[in-house]
Amino acid sequence: MSYSIFLYGYEGEPHFDIEEIADYLKKTFLLAEIKKRENFFSFLRKFPSFNLDSLAIKISLCRVYCLHEKKESLPLLGEIEYEKKRILGKKTYGVIYDGEKLNNIYLNLLPQKERGLNCCHIIFVDQLLATFDEENRRFHLRVGIYGFPNLISVWGLKEALAKPRNYYLKLQMGIDSLSLEEEFKEKIIDIKDKKLVTEALKNYCLQAIFYQFYYEGFCSQSNCRLYNAHWQQELILQIKNKCELCSKHKAMIKHAGKV
């Protein structure tokens, strides 16, 4: 059986190099076919079944209104229009979405022949994604929502991963965020740093691929690209040290006979 990895281009400003990510994946997974596509919505608009109104309503229902409760309400007309503009490529910001709900919607939009387990879809999005934790009863922002397909939030690198504790303490003391970003620039991710963002996204692509093909998306070793960093500083340190896959996960690729 052949295996395919589909990369869907970013909806917003090009904060990373998708060509470099594709080349990296080609060198890592020699037996897989890596296919680059335009952003997910542009791809969908090619199909006769594409329905802008229906999709905008469905995505509106994924909005997170309160971080401390799962709440679903009928979307307002303005919210639906907002989603239509975003689907058509207009810049929009500031909304958090339930990543698991969004994942389920996107699954049903994929071509039927590409819904098999031999196909790994990775969609880069400019939305903030969250999942609800049943233990502490609140939503948490995420960079990656892994499943079928996989969603990777580029802005999640800046907003979902934690900044240094002193950053938050000084923010509570009234120091403005621009001054703090300058003070902590070596320890927080600059979303405009194309090289840094590209390297970071390689990690999340690997996690998505390992999650689907090997049923193991994360690694406990901090020097492995599959390490699930919770702090921006952890991810930056990984990239500076040019970490790759650990020996265990390199061996998994070599011996699995899949990709």
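Residue numbers (our numbering): 223 to 481.
Every residue gets a Cβ at the ideal spot worked out from N, C-alpha and C, and that includes glycine.
*Near I240, which residues of its chain fall below 8 Å by C-beta distance, leaving aside the five closest residues on each side in sequence?*
Residue numbering aside, residue 240 sits at position 18 when the sequence shown is read from its first letter. Hits under 8 Å: L229, G231, Y232, K258 and F346.
_If you reduce the DSSP assignment to three classes, tell me which class E466 lands in._
By 1-based counting over the sequence shown, the position of residue 466 is 244. Of the three classes helix, strand and coil, the one that applies to E466 here is strand, per DSSP.
*asked:* Going by C-alpha to C-alpha distance, which of K385, L418 and L331 sits closest to L277?
replied: Counted from its first residue, the sequence shown places residue 277 at position 55. With distances taken between Cα atoms, L277 lies closest to L331.
_C-alpha distance - N393 paired with E404, whole-angstrom precision_ = Within the sequence shown, the letter at position 171 stands for residue 393. Within the sequence shown, the letter at position 182 stands for residue 404. One detail in the question is off: residue 393 reads as Leu in this sequence, not Asn. Cα-Cα distance, rounded: 13 Å.
_Three-way DSSP call (helix, strand, coil) for K258 in this model_ = Taking the sequence shown and counting its residues from 1, one reaches residue 258 at position 36. Strand.
*Across which residues does DSSP place V347 in a beta bridge pair?*
As a working note, residue 347 is residue 125 in the sequence shown. In the DSSP output, where bridge partners are listed per residue, V347 has S375.
*Following the continuous alpha helix (DSSP H) through K308, name the residue where it begins and the one where it ends.*
Looking up residue 308 in the sequence shown gives position 86. Inspection of the sequence shows that residue 308 is occupied by Arg rather than by Lys. Start and end: L299 to I309.
*Taking C-alpha atoms, which residue in N261, E438, K417 and M474 lies nearest to I461?*
Sequence index remark: in the sequence shown, residue 461 carries index 239 (1-based). Closest option to I461, Cα to Cα, is K417.
_In the DSSP output, which residue or residues are listed as bridge partners for C427?_
Counting from 1 along the sequence shown, the entry for residue 427 is found at position 205. DSSP lists no partner for C427.
*Could you tell me whether the region 357-375 touches the region 305-325, where touching means 3 or more Cβ pairs closer than 8 Å?*
yes
*Pick helix, strand or coil for F354, following the three-state DSSP scheme.*
If you number the sequence shown from 1, residue 354 lands on position 132. Correct three-state label for F354: strand.
*Using 10 angstroms around the beta-carbon of R447, count the other beta-carbons present and answer buried if the total reaches 16, otherwise exposed.*
Against the sequence shown, residue 447 aligns to sequence position 225. Buried: at least 16 other Cβ atoms inside 10 Å.
*asked:* Please report the distance separating the alpha-carbon of L299 from that of L324.
replied: Along the sequence shown, read from residue 1 onward, the residue named residue 299 stands at position 77. Along the sequence shown, read from residue 1 onward, the residue named residue 324 stands at position 102. For L299 and L324, the distance between alpha carbons rounds to 19 Å.
*asked:* Rounded to the nearest angstrom, what separates E242 and A422 at their Cα positions?
replied: Counting from 1 along the sequence shown, the entry for residue 242 is found at position 20. Counting from 1 along the sequence shown, the entry for residue 422 is found at position 200. Those two C-alpha atoms are separated by around 12 Å.
*asked:* Checking the sheet assignment: what are the DSSP bridge partners for Y230?
replied: Working through the sequence shown from its first residue, we reach residue 230 at position 8. Answer is R259 and I345.
*Return no unless some Cβ of chain C is closer than 7 Å to the Cβ of A352.*
Absence of chain C from the displayed structure is noted, only one protein chain being present.
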